[in-house]
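Just so we're aligned: 171 in my numbering is position 166 of the sequence shown, and the numbers increase by one with no gaps anywhere.
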Amino acid sequence: MDYEKLGLKAGIEIHQQLDTAEKLFCRCPTCLRETSERNGEFHRYLRATESELGEIDRAAREEMKLVRKFCYYTYDTVCLVEHDEEPPTPMNPEALEVCLTIAKMLGMTPVEQVHTMRKLVIDGSNTSGFQRTALVALSGALPGGCRIETICLEEEAAQRVEDETFSLDRLGIPLVEITTAPCMRTPEAVQEVAGHIGMILRSTGRVKRGLGTIRQDINVSIADGARVEIKGVQELDLIAEVVRREVERQVNLLEIRDALRERGARVDHTVIDVTALFAGTKSSILKKAKAVLAVRLCGFAGLVGREIQPGRRLGSEMSDYAKKCGVGGIFHTDELPAYGVTAEEVACLREFVGAAEEDCVVIVAAGRERAGCAAEQVMVRAEMGLSGVPEETRKMLEEGNSAYMRPLPGAARMYPETDVFAVTIDEEHWESIDIPELLTDRAERFVREFRLDEGLARQVAFSERLPLFEKAVASGVRPTLAARTLLATCRELARDGVEVARVSEEEILALLSAVEAGRAAKEAIPDLLTELARTAGGAGTPGERVDAAIEKMGPAVSQADVEEIVSRIVAEREAFAREKGMGALGPLMGVVMQELRGSVDGKVISETLRRELQRLLS
Numbered sequence: 006m007d008y009e010k011l012g013l014k015a016g017i018e019i020h021q022q023l024d025t026a027e028k029l030f031c032r033c034p035t036c037l038r039e040t041s042e043r044n045g046e047f048h049r050y051l052r053a054t055e056s057e058l059g060e061i062d063r064a065a066r067e068e069m070k071l072v073r074k075f076c077y078y079t080y081d082t083v084c085l086v087e088h089d090e091e092p093p094t095p096m097n098p099e100a101l102e103v104c105l106t107i108a109k110m111l112g113m114t115p116v117e118q119v120h121t122m123r124k125l126v127i128d129g130s131n132t133s134g135f136q137r138t139a140l141v142a143l144s145g146a147l148p149g150g151c152r153i154e155t156i157c158l159e160e161e162a163a164q165r166v167e168d169e170t171f172s173l174d175r176l177g178i179p180l181v182e183i184t185t186a187p188c189m190r191t192p193e194a195v196q197e198v199a200g201h202i203g204m205i206l207r208s209t210g211r212v213k214r215g216l217g218t219i220r221q222d223i224n225v226s227i228a229d230g231a232r233v234e235i236k237g238v239q240e241l242d243l244i245a246e247v248v249r250r251e252v253e254r255q256v257n258l259l260e261i262r263d264a265l266r267e268r269g270a271r272v273d274h275t276v277i278d279v280t281a282l283f284a285g286t287k288s289s290i291l292k293k294a295k296a297v298l299a300v301r302l303c304g305f306a307g308l309v310g311r312e313i314q315p316g317r318r319l320g321s322e323m324s325d326y327a328k329k330c331g332v333g334g335i336f337h338t339d340e341l342p343a344y345g346v347t348a349e350e351v352a353c354l355r356e357f358v359g360a361a362e363e364d365c366v367v368i369v370a371a372g373r374e375r376a377g378c379a380a381e382q383v384m385v386r387a388e389m390g391l392s393g394v395p396e397e398t399r400k401m402l403e404e405g406n407s408a409y410m411r412p413l414p415g416a417a418r419m420y421p422e423t424d425v426f427a428v429t430i431d432e433e434h435w436e437s438i439d440i441p442e443l444l445t446d447r448a449e450r451f452v453r454e455f456r457l458d459e460g461l462a463r464q465v466a467f468s469e470r471l472p473l474f475e476k477a478v479a480s481g482v483r484p485t486l487a488a489r490t491l492l493a494t495c496r497e498l499a500r501d502g503v504e505v506a507r508v509s510e511e512e513i514l515a516l517l518s519a520v521e522a523g524r525a526a527k528e529a530i531p532d533l534l535t536e537l538a539r540t541a542g543g544a545g546t547p548g549e550r551v552d553a554a555i556e557k558m559g560p561a562v563s564q565a566d567v568e569e570i571v572s573r574i575v576a577e578r579e580a581f582a583r584e585k586g587m588g589a590l591g592p593l594m595g596v597v598m599q600e601l602r603g604s605v606d607g608k609v610i611s612e613t614l615r616r617e618l619q620r621l622l623s
């Protein structure tokens, strides 16, 4: 697509968990727990509160269409603040310091006072019905001219376990929200900006790592479309594809709008009860429904079933809206007969509701109240189709598609938090914030100082193992040995099913030190890590466990032993050695290494074998 001609504008909001000792508004640890470790649960019903102007936010009003009972799992590492049964404590100073550090790295200007606000959220992810958030700094810059608008410090939401059940271990973990201006004009630019901000965040060394610790919300619009926020993009490599598919969706919706206008299409706002028509149906969904209601969309035939994203149609959008009422979805005549509904039933349906050939009929099946609500939602979304692209918040689906979540929130969503004091950021405090080395600069330094090749240096700098690598090098381990062990060897063992994650950092350091001291060969590292993973949690210090693993590998092999083994292997294969000459070095090296099983450094074996071949051939 010609994104410039389409007028693409995109911005991004990045949410990153901070690696602090305590949560943002209580003293609980920021550790995650298994749901099997919970020590209790409780339930809540959430409803929206009015803003200071007496208004209810439109997104919250949408969430209230269905009354839901939420269940929360609690643990011995959460407190009454997470339960919303105790006022919050003052803002975590460690979290604020990390947030200010990030702001300074982005060239931002801090606010004079940090005031905490309440952001209305009644989807169950917060027990209180709101999320606490605070504006910390404004107006930053990125390479290429893109602007950072704000950075906020807020509390993480509860983790959804399934349906209406949430886990409170994550609730309250400090989170920074970085918002850019809509200054990106291509999908690739959005992904590049997200990657750069992610690099800055990791450069602090004070953010959590792993799946779910960072999320991107992407704001996308085109010239004749509308601003849409796509939430929950966790994979950096998918960002460009998400933007491409949203542009595709908006272009297709605009084409559908034009086609509807040409036809003079309209929505018949009469909801028709067609339950009796399906009394003898073989469709299991319609058969068990208490009510089947129909909506006639005049002039919509063929367009409700039109694809707007791969595998998604305008009918999918209508279904998303209907699901807000608790129904499973919708049927429409662009896709029927199907799902057990016969051609005869479709013909009877069209005749009963008075549908012409150019009309589409949508049916919903559920309890009467939910079906009525869903039919109204279908009409709302159909009316939007006549206007083009609705402004809305969407959730990311697999492979880059998205689905409707709720309307974009308005100003009524925010109101002051009266239980948390403001925090003053004076000039002295701001000047005391140190800026850490960027990971890109660190990678360049590793090339200069440690003679690592550029690819390996970048892998190390961006790896979660970076702190361990720097500890190993500081203790005297060769940088190349440390890097290849932590990145290549550990990754390969994990792929083979070895639980390398069970080996502690202290054990890895002790193992690398043993190799440097000559007590183990570097070729033995995979076997030693495998043994340490197998015996993880055993008695003794890390050094003692490493010594035990080395001892189990067998007694140390002396240089004299190596020479004897090499001499024997060459003698047994003398004809081969004479035929290949020094070209026999590689094949014979494999034979010797297999016999010694990593108990001797490969360099020692290679030199010994080379000397023996030269002696034989001379």
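Even glycine gets a Cβ: it sits at the ideal position worked out from N, Cα and C.
Check whether residue i and residue j have beta carbons under 8 Å apart
i: residue 5; j: residue 175; result: Nothing can be reported for residue 5, as the shown portion of the chain is limited to 6 through 623.
i: residue 391; j: residue 268; result: no
i: residue 272; j: residue 380; result: no
i: residue 533; j: residue 544; result: no
i: residue 173; j: residue 253; result: no
i: residue 106; j: residue 209; result: yes
i: residue 12; j: residue 189; result: no
Closest by C-alpha distance to residue i, when choosing among the options
i: residue 286; options: 342, 317, 262; result: 342
i: residue 305; options: 409, 258, 23; result: 258
i: residue 396; options: 209, 616, 232, 189; result: 232
i: residue 415; options: 80, 109, 568, 125; result: 125
i: residue 555; options: 476, 518, 587; result: 518
i: residue 480; options: 507, 88, 515; result: 515
i: residue 244; options: 191, 448, 46; result: 191
i: residue 624; options: 242, 226, 575, 355; result: The chain is shown from 6 up to 623; residue 624 falls before or after that span and cannot be answered.
i: residue 339; options: 329, 351, 345; result: 351
i: residue 373; options: 270, 597, 294; result: 294
i: residue 77; options: 109, 103, 163; result: 163
i: residue 387; options: 327, 527, 491, 483; result: 327
i: residue 599; options: 19, 570, 622; result: 570
i: residue 223; options: 45, 104, 18, 194; result: 18
i: residue 548; options: 507, 249, 512; result: 512
i: residue 218; options: 229, 203, 150, 227; result: 203
i: residue 74; options: 109, 57, 127; result: 127
i: residue 645; options: 592, 185, 572, 589; result: Residue 645 lies beyond the stretch modelled for the chain, which goes from 6 to 623, so this question has no answer here.
i: residue 153; options: 109, 165, 336, 91; result: 109
i: residue 444; options: 433, 465, 430, 435; result: 465
i: residue 216; options: 20, 537, 496; result: 20
Cβ-Cβ separation, residue j to residue i (assumed contact under 8 Å), whole Å
i: residue 298; j: residue 368; result: 7 Å
i: residue 64; j: residue 398; result: 7 Å
i: residue 205; j: residue 101; result: The pair is not a contact, with the Cβ atoms about 18 Å apart (cut-off 8 Å).
i: residue 331; j: residue 51; result: With 8 Å as the limit, residue 331 and residue 51 do not qualify as a contact, their Cβ atoms being about 16 Å apart.
i: residue 413; j: residue 234; result: 6 Å
i: residue 22; j: residue 161; result: 6 Å
i: residue 610; j: residue 596; result: In fact, because the Cβ distance is near 10 Å, the residues do not count as touching under 8 Å.
i: residue 169; j: residue 129; result: 6 Å
Closer than 8 Å to chain B by CB, residue i
i: residue 317; result: Absent from the structure is chain B; it holds one protein chain and no more.
Straight-line gap, residue i to residue j (C-alpha atoms, nearest Å)
i: residue 178; j: residue 199; result: 22 Å
i: residue 60; j: residue 417; result: 6 Å
i: residue 156; j: residue 438; result: 16 Å
i: residue 310; j: residue 237; result: 27 Å
i: residue 318; j: residue 410; result: 16 Å
i: residue 619; j: residue 587; result: 8 Å
i: residue 622; j: residue 583; result: 7 Å
i: residue 552; j: residue 566; result: 22 Å
i: residue 585; j: residue 196; result: 53 Å
i: residue 520; j: residue 527; result: 6 Å
i: residue 446; j: residue 452; result: 10 Å
i: residue 349; j: residue 167; result: 39 Å
i: residue 575; j: residue 608; result: 17 Å
i: residue 303; j: residue 132; result: 44 Å
i: residue 507; j: residue 558; result: 20 Å
i: residue 255; j: residue 492; result: 42 Å
i: residue 362; j: residue 312; result: 20 Å
* Asked: Are at least three pairs of beta-carbons, each pair with one atom in the stretch 56-75 and one in the stretch 32-46, less than 8 Å apart?
  -> no
* Touching or not, the stretch 420-431 and the stretch 115-123, by the rule of three or more beta carbon pairs under 8 Å? -> yes
* Asked: Is it true that the stretch 469-476 meets the stretch 499-506, where meeting means three or more beta-carbon pairs spaced less than 8 Å apart?
  -> no
* Asked: Any contact of the stretch 401-410 with the stretch 371-380, i.e. 3+ C-beta pairs under 8 Å?
  -> Judged by Cβ distances under 8 Å, the stretch 401-410 makes no contact with the stretch 371-380, as fewer than three pairs qualify.
* Asked: Are the stretch 21-30 and the stretch 232-241 in contact at 8 Å, needing three or more beta carbon pairs?
  -> no
* To do: Report yes or no: do three or more beta-carbon pairs, one from the stretch 451-458 and one from the stretch 136-154, lie closer than 8 Å?
  => no
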